[in-house]
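Chemist: Throughout the sequence shown, residue numbering follows full-length UniProt numbering, covering 1 to 257 in sequence. Got a structure for you, questions after.
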Amino acid sequence: MTTKEQIVENWLPRYTGTPVEEFGSYILLTNFVNYVTMFAEKFEVEIKGQGRAMQTATANDITIINFGMGSPMAATVMDLLSAISPKAVLFLGKCGGLKKTQVGDLILPIAAIRGEGTSDDYMPAEIPALPSFRLQSTVSASIAKHKLDYWTGTVYTTNRRIWEHDDTFKEYLRDIRAMAIDMETATIFIVGFANSIPHGALLLVSDNPLVPEGVKTEESDKKVTNDYVKRHLEIGIDSLTELARSGESVKHLRFES
Numbered sequence: 001m002t003t004k005e006q007i008v009e010n011w012l013p014r015y016t017g018t019p020v021e022e023f024g025s026y027i028l029l030t031n032f033v034n035y036v037t038m039f040a041e042k043f044e045v046e047i048k049g050q051g052r053a054m055q056t057a058t059a060n061d062i063t064i065i066n067f068g069m070g071s072p073m074a075a076t077v078m079d080l081l082s083a084i085s086p087k088a089v090l091f092l093g094k095c096g097g098l099k100k101t102q103v104g105d106l107i108l109p110i111a112a113i114r115g116e117g118t119s120d121d122y123m124p125a126e127i128p129a130l131p132s133f134r135l136q137s138t139v140s141a142s143i144a145k146h147k148l149d150y151w152t153g154t155v156y157t158t159n160r161r162i163w164e165h166d167d168t169f170k171e172y173l174r175d176i177r178a179m180a181i182d183m184e185t186a187t188i189f190i191v192g193f194a195n196s197i198p199h200g201a202l203l204l205v206s207d208n209p210l211v212p213e214g215v216k217t218e219e220s221d222k223k224v225t226n227d228y229v230k231r232h233l234e235i236g237i238d239s240l241t242e243l244a245r246s247g248e249s250v251k252h253l254r255f256e257s
């Protein structure tokens with residue numbers, strides 16, 4: 001294999017256990033296998049990729065993928081998806097709220113701050129990490145249909161998993177006025193842009209890590225899963241279903257080499 005196209009066409013099935021031709025045109029990304037399980041149960045379809053790095057389920061031209069955690073895996077899945085040139089990719093991620101957000105709130109990011117480093121391998125640091133406006137607009141409308149509200153703003157993406165003890169870093173997060181912190185959004189936006197893949201994100205606030213009592217625990221994470229994950233997934237499904245039904249292109253940027 002001498003070209004990127006050859007590599008990703010071979011590696012997408014290798015990572016997921018799913019043949020290229022079985023992927024939907026619209027992709028949901030998640031860090032958690034329980035999202036895939038709920039999707040599969042809803043549509044009564046098979047989960048593929050058990051024992052592989054990534055698991056998938058597909059129904060109604062939508063494929064959901066659990067790609068794992070962190071910016072390197074986020075970059076990997078977005079590179080692999082270039083094998084099928086999806087019409088839209090929506091990331092359903094969890095994040096730490098940094099301002100007035102409460103656990104269970106939704107955040108629809110308008111941009112992401114590239115603190116993870118991985119995206120630097122794809123685009124110069126001066127290029128902002130932005131979502132596809134048409135996709136975010138559709139997600140906004142879907143949230144409204146569910147009679148819910150959301151926050152908007154920037155999300156800071158980092159490679160650091162354990163930082164809640166670091167007062168200097170927490171002060172930095174306050175200074176940059178980020179709405180949330182996660183480990184994948186900026187990478188998905190930049191690598192999506194590099195691969196000409198329309199992309200967006202809808203984040204679920206799972207903890208409030210700037211205060212000691214808000215740091216995520218096993219107990220608090222179970223509560224988030226029980227109380228909020230189902231509606232998070234439903235909004236994502238509804239958003240991509242609406243895009244598919246409308247037949248409108250999500251691309252609003254001219255992708256140039």
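Backbone N, C-alpha and C fix where the C-beta goes; we use that ideal spot for every residue, glycine too.
Who pairs with N66 in a beta bridge, going by DSSP?
Modeler: According to DSSP, N66 bridges with T30, Q55.
Chemist: Less than 8 Å separating the beta-carbons of L80 and V36?
Modeler: Taking 8 Å as the Cβ cut-off, L80 and V36 do not qualify as a contacting pair.
Chemist: Quick one, which of A88, G192, R161, F32 has its alpha-carbon nearest G24's?
Modeler: Comparing Cα-Cα distances from G24 to each of A88, G192, R161, F32, the minimum goes to A88.
Chemist: On the CB-based measure, 16 or more other CB atoms within 10 Å of its CB, does D182 come out buried or exposed?
Modeler: D182 should be labelled buried.
Chemist: Is the beta carbon of V20 less than 8 Å from the beta carbon of L29?
Modeler: In this structure, L29 does not lie closer than 8 Å to V20 by Cβ.
Chemist: On the DSSP bridge assignment, give the partners of H199 in chain order.
Modeler: The partner list for H199 (beta bridge, DSSP) reads V89.
Chemist: Do L233 and L92 have their beta-carbon atoms positioned less than 8 Å apart in this structure?
Modeler: In contact: L92 and L233 (Cβ atoms closer than 8 Å).
Chemist: Could you give the first and the last residue of the continuous beta strand (DSSP E) run that contains Y156?
Modeler: Its beta strand (DSSP E) spans residues 151 to 158.
Chemist: May I have the straight-line CA-CA distance separating Y122 from I65, to the nearest angstrom?
Modeler: Between Y122 and I65, the C-alpha separation is close to 22 Å.
Chemist: Taking all protein chains shown into account, do 16 or more other C-beta atoms lie within 10 angstroms of the C-beta of residue 259, making it buried, or fewer, making it exposed?
Modeler: Residue 259 lies beyond the stretch modelled for the chain, which goes from 1 to 257, so this question has no answer here.
Chemist: Go ahead and label K145 buried or exposed: buried means 16 or more other beta carbons lie within 10 angstroms of its beta carbon, across all protein chains shown.
Modeler: That one is exposed.
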